[in-house]
Every structure is written in C-alpha cells, then in structure tokens.
Amino acid sequence: THTHRDHSPGSRPLAAATGAPIVGCAPLALDDAGIRSDASFDRDYAPDRVLAEGESVSGEGWTLTALATPGHTSNHLAFALPEAQGGAGALFTGDHVMGWSTSIVSPPDGDMAAYMASLEKLMPRTDRIYYPAHGDPVENPQRLVRGMLGHRKQREGQILRLLRSAPATIPDMVARMYVGLDPRLFPAAERSVLAHLIDLRDRDLVTDDAALWSAAA
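Residue numbers for the sequence shown follow the working numbering, beginning at 1 and rising by one.
Below, the structure written as structure tokens:
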C-alpha cells in the first residue's frame, strides 16, 4: 500500500520465500537532491510492477484493483477485492483508514488536502468491510470514514479559532488544543497541526512568518 518502513520491507522476504513478484505502489519520488531523504521511508523498495489507479492484479477467483489514496503518503494505494464478503466487497486500506486511530499526515510527503480528498473518495463506495494495516477489520466503514472527515474538519476549525484570537507557534497550538495528551505524543501532534496549517495556507486562510502562524486578514 505504501513505502513506510513498517510496511514495504516485508515484501522482500515474502518474494524470496514464495517466488512471487512484488506488485504495488510506486517507490517514493526523489526529492530535489535526487535522494529519498525521509528516514521513515523504505529506500530499497523496488517493485516488479507498479499499479496505478484502476489497474488490477488477479488470480483464480479473485481480483485486486488499485485505488489511489494519497495523503498519509504521496504514493499510498488501497486495494479493492470485490469477490470478498459474498460479493459485497472488501477494501484493504493500508494506513489511509486504520482500525484504531486516524492516520498521521506528516509533511512534506504527507498532504492534508490530499488525505481529505482521499477520504471523500471512499464515501460513495459500497465495500462491505475494510481491512486496515493497523487495527481490527472495520465493519461499518462509511460511518468510520465520515467520522474521520468530521474529526479533521473540527481540528481545522479549532486551529482557525485559535489563530483568530492571536498568532501562535505550532508548539503553543498543540499545548492548547491537545490538553491531557501524553507529552511523548507531542511531536506527532505537531506534524498533524503543520499539515493542517499548510493546507489552510494554500487556501489563503492563514499566513506564517518564520515559526509564527496567524489567521489571514
């Protein structure tokens, strides 16, 4: 589904053990320096075949079709299995929709606007069940996706209200918005807030001056 280090490295021993080709998402794009600089990514991922939106891989009695779901990462795919659940369908969602939490969206590769669009993309689908890469199977996927969209929109509104009261840095925002959060989780919360702020800035709703963010005039 994507090339974070807790996912794609497992494809290599599986391929070696079974002789199966590695089929999935594209490798992470190179940055301006020509390297894959994000330490959380699998730099050695080398698929035998890259699937794009709507492309499939199939076997006897089954077909997996790729669904582009960027946001958590730029190269994220989900895979639809229409034969599952007696023909009601299943979706392997990777980290785009997880069974126990919303996904972290960490810039620069993580993109909040893309993540929200990818969640919206799932709303018209009729898959009976989701199989995430983390957490239990999701038995009522539309309700969960609707809740994730609502959660992110609430967080966006919270950020805007805070900045309309006074400019703030990201650590200040996290301290005020995530009351009671384990301090060990602050770095992840700061990445999430940054992703929201970049999206809001792209929509001309906030501005930034060095580390200080303000609501747009």
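All residues carry an ideal CB built from backbone N, CA and C; glycine is no exception.
Three-state secondary structure assigned by DSSP to residue i
i: residue 105; result: coil
i: residue 46; result: coil
i: residue 196; result: helix
i: residue 4; result: strand
i: residue 206; result: strand
i: residue 115; result: helix
i: residue 34; result: Caution is warranted here: a pLDDT of 49 is assigned to residue 34, below 50, making its placement in the model unreliable, and the coordinate value is therefore given only provisionally. Reduced to three states, the DSSP call for residue 34 is coil.
i: residue 59; result: strand
i: residue 66; result: strand
i: residue 28; result: coil
i: residue 141; result: helix
CB contact flag (residue i, residue j, <8 Å)
i: residue 51; j: residue 24; result: yes
i: residue 90; j: residue 128; result: yes
i: residue 272; j: residue 110; result: The structure shown does not extend to residue 272, since the chain is modelled only from 1 to 217, so the question has no answer here.
i: residue 69; j: residue 96; result: yes
i: residue 164; j: residue 210; result: no
Reference residue i; option with closest CA among the options
i: residue 6; options: 29, 44, 61, 21; result: 44
i: residue 75; options: 154, 148, 16, 47; result: 47
i: residue 3; options: 139, 73, 59; result: 73
i: residue 208; options: 84, 182, 169; result: 169
i: residue 228; options: 83, 14, 63, 105; result: The question about residue 228 has no answer, for the chain in this structure spans 1 to 217.
i: residue 153; options: 125, 182, 119; result: 119
i: residue 57; options: 192, 85, 21; result: 21
i: residue 139; options: 42, 126, 163, 151; result: 126
i: residue 116; options: 214, 185, 26, 150; result: 150
i: residue 42; options: 147, 1, 204, 210; result: 1
i: residue 155; options: 141, 142, 173, 143; result: 173
i: residue 107; options: 53, 26, 40; result: 40
i: residue 192; options: 53, 17, 18, 112; result: 112
Distance between residue j and residue i (C-alpha atoms, nearest Å)
i: residue 103; j: residue 122; result: 15 Å
i: residue 88; j: residue 81; result: 9 Å
i: residue 36; j: residue 29; result: Because residue 36 sits at a pLDDT of 49, beneath the cut-off of 50, its placement in the model cannot be relied upon, and the point is left open.
i: residue 98; j: residue 145; result: 10 Å
i: residue 77; j: residue 201; result: 27 Å
i: residue 205; j: residue 83; result: 44 Å
i: residue 34; j: residue 86; result: Note on residue 34: pLDDT 49, under 50, position unreliable in the model; no value is reported.
i: residue 181; j: residue 49; result: 42 Å
i: residue 114; j: residue 94; result: 16 Å
i: residue 101; j: residue 187; result: 16 Å
i: residue 15; j: residue 8; result: 11 Å
- Item | Meets three-Cβ-pair contact criterion under 8 Å: the stretch 128-143 and the stretch 169-187 | no
- Cβ contact (3+ pairs, closer than 8 Å) linking the stretch 142-161 and the stretch 184-202: yes
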